[in-house]
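Asker:
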Amino acid sequence: MKNTKKLLMNALGASLLLCMSSTGFAEIVMNSSGNSGQANISWSSEEANLLLNGDVSANSASSFNEPSPKGSVNVTTTVRSGAAAQSTPKTVQIVDTSNFSDQPTVSARAALIMDAQTGEVLFGKNTNTSLPIASITKLMTAVVTADARLNMSEQITLQQIDFAGAGGKNSSSTLRVGDKMNRAEALLFALMKSENPAAAALARTYPGGRNAFYAAMNAKARSLGMTSTHYVESSGLDPRNVSSARDLGILVSAASQYSVIRQFSTTPSYDFNLGYRVLKSNNTNSLVRNGGWNINISKTGYINEAGRCVVMHTTLNNRPAVVVILGANNTQARNNDAIRLMNWASQLPKSI
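So, in structure tokens, the structure goes:
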């Protein structure tokens, strides 16, 4: 059935990461962005619209399935920012920026801002501390879903088990058991509106079911070098989903390779037509909705144990950058920390 839907498209030194394995953080970041020469097939805006509007047949939908960016590049690495790709020399460098500018004040429990092209850490606070990450989890849920190359036009019906939040936490304020959507819509629900039943349904409908999905999440984390990360479910409601600012910097860098994740996570608003009702929905990140920053990837998160969290891939002074904020006291404090970091990084020299 063809729906009349409208997708509004895309309109993070003092401290250094010294507690590393033999492989440097910058090298891990850059290797996670490589593709071993494999073509990185991206969904166009038109193709994504077709998926969301239900105009793609089961046979043709496979052509939109995006392969996982994996492997490493010996000489150059491809890093995507928005829709553009750049090849840059592979240099590994960790830089102390304390001599370049006054360090910003960050109230969150942990924070990171890094150059997404080189892996240089521009600012860090408690970067190796493993913390609950709430719905930041859904970024890995999206990566695993994209890696599986499933039929994105396949219809999914939400079941009661998809609403069984961890520890009695509220799973959704808008979705209901029996709601139907295609897999692309479920992914958009999970990334843009952070709907927990949508993330749960993506895991449930994965080949092998939920346990296979959780195993794939942890395997992907290990393959990316995310050494402080562990997942037990796909939504982030369980506080046992933990990661560090360092690891999330790696994840955001890898996720920026997927055009569907870039597009869906930064959609400002979308009207979900479920057939018998329309859910008018907004992005959970006001920095995306306000359009004042060039944000290429966004994911917010909140449970009591995690505090207010956000990760973003953005462009600051022509420099691709990753922003991670974990454990802010409230949404305003989270946004203030992010804006303070982004303003500060925008004043840094482009090459340091």
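When you line the sequence shown up against mature numbering (1 follows the signal peptide of the UniProt record, and there is no 0), it's residues -26 to -1, 1 to 326, in that order.
We put the beta carbon where it would ideally sit given N, CA and C, even for glycine.
#1: Is it true that the CB of H287 sits closer than 8 Å to the CB of S230?
#2: Can you look up C(-8) in the DSSP assignment and give me helix, strand or coil?
#3: Does the count of Cβ pairs from the region 306 to 326 and the region 230 to 241 closer than 8 Å reach three?
#4: Let's see if you can read the secondary structure: which residues bound the alpha helix (DSSP H) around K112?
#5: State yes or no: is the C-beta of I130 within less than 8 Å of the C-beta of A174?
#6: Could you pull the start and end residues of the beta strand (DSSP E) that P213 belongs to?
#7: So, helix, strand or coil for I68, using DSSP?
#8: What first and last residue would you give for the beta strand (DSSP E) that runs through A245?
#9: Could you have a look at R293 and say whether DSSP puts it in helix, strand or coil?
#10: I224 and A120 - do their beta-carbons sit closer together than 8 Å?
#11: With three or more beta-carbon pairs closer than 8 Å as the criterion, would you say the region 179 to 186 touches the region 136 to 152?
#12: Is W267 closer than 8 Å to M316 when the C-beta atoms are compared?
#13: When you compare only the Cα positions, how much space is there between G299 and T111?
#14: Run the CB neighbour count on E128, radius 10 Å, all protein chains shown included, and call it buried at 16 or more, exposed below.
Answerer: So, to answer that:
#1: Here residue 230 corresponds to residue number 256 of the sequence shown, with the count starting at 1. Here residue 287 corresponds to residue number 313 of the sequence shown, with the count starting at 1. A contact, by the Cβ cut-off of 8 Å.
#2: On the sequence shown, residue -8 is found 19 positions in, with the first residue counted as 1. Low per-residue confidence applies at C(-8): pLDDT is 32, beneath 50, and the placement is therefore not dependable, though the value from the model is reported in the following sentence. Assignment of C(-8) by DSSP, reduced to helix, strand and coil, places it in the coil class.
#3: Two segments are said to touch when three or more pairs of C-beta atoms, one from each, lie closer than 8 Å; by this definition the region 306 to 326 does not touch the region 230 to 241.
#4: The count along the sequence shown starts at 1 and reaches residue 112 at position 138. From DSSP, the alpha helix (DSSP H) with K112 extends over 111 to 121.
#5: Within the sequence shown, residue 130 is the residue found at index 156, counting from 1. Within the sequence shown, residue 174 is the residue found at index 200, counting from 1. No, the pair does not count as a contact, with Cβ atoms beyond the cut-off.
#6: Position 239 of the sequence shown, counted from the start, is the residue given in the question as residue 213. Unbroken run through P213: none, as it is neither H nor E.
#7: Taking the sequence shown and counting its residues from 1, one reaches residue 68 at position 94. Model confidence at I68 stands at a pLDDT of 40, short of 50, so the residue's coordinates are unreliable; what they give is reported in the following sentence. Here DSSP, grouped into helix, strand and coil, assigns I68 to coil.
#8: Taking the sequence shown and counting its residues from 1, the one referred to as residue 245 is at position 271. According to the sequence displayed, residue 245 carries Asp and not Ala. Per DSSP, the unbroken beta strand (DSSP E) holding D245 starts and ends at 243 to 247.
#9: On the sequence shown, position 319 is the one that residue 293 refers to. Reduced to three states, the DSSP call for R293 is strand.
#10: Translated into the one-based positions of the sequence shown, residue 120 becomes position 146. Translated into the one-based positions of the sequence shown, residue 224 becomes position 250. For A120 and I224, no; Cβs fall outside 8 Å.
#11: No, because fewer than three Cβ pairs between the region 179 to 186 and the region 136 to 152 fall closer than 8 Å, the two stretches do not touch.
#12: On the sequence shown, position 342 is the one that residue 316 refers to. On the sequence shown, position 293 is the one that residue 267 refers to. Yes.
#13: Position 325 of the sequence shown holds residue 299. Position 137 of the sequence shown holds residue 111. Strictly speaking, residue 299 in this sequence is Ile, with Gly absent from that position. Each residue's alpha carbon lies about 14 Å from the other.
#14: The residue given as residue 128 occupies position 154 in the sequence shown. That one is exposed.
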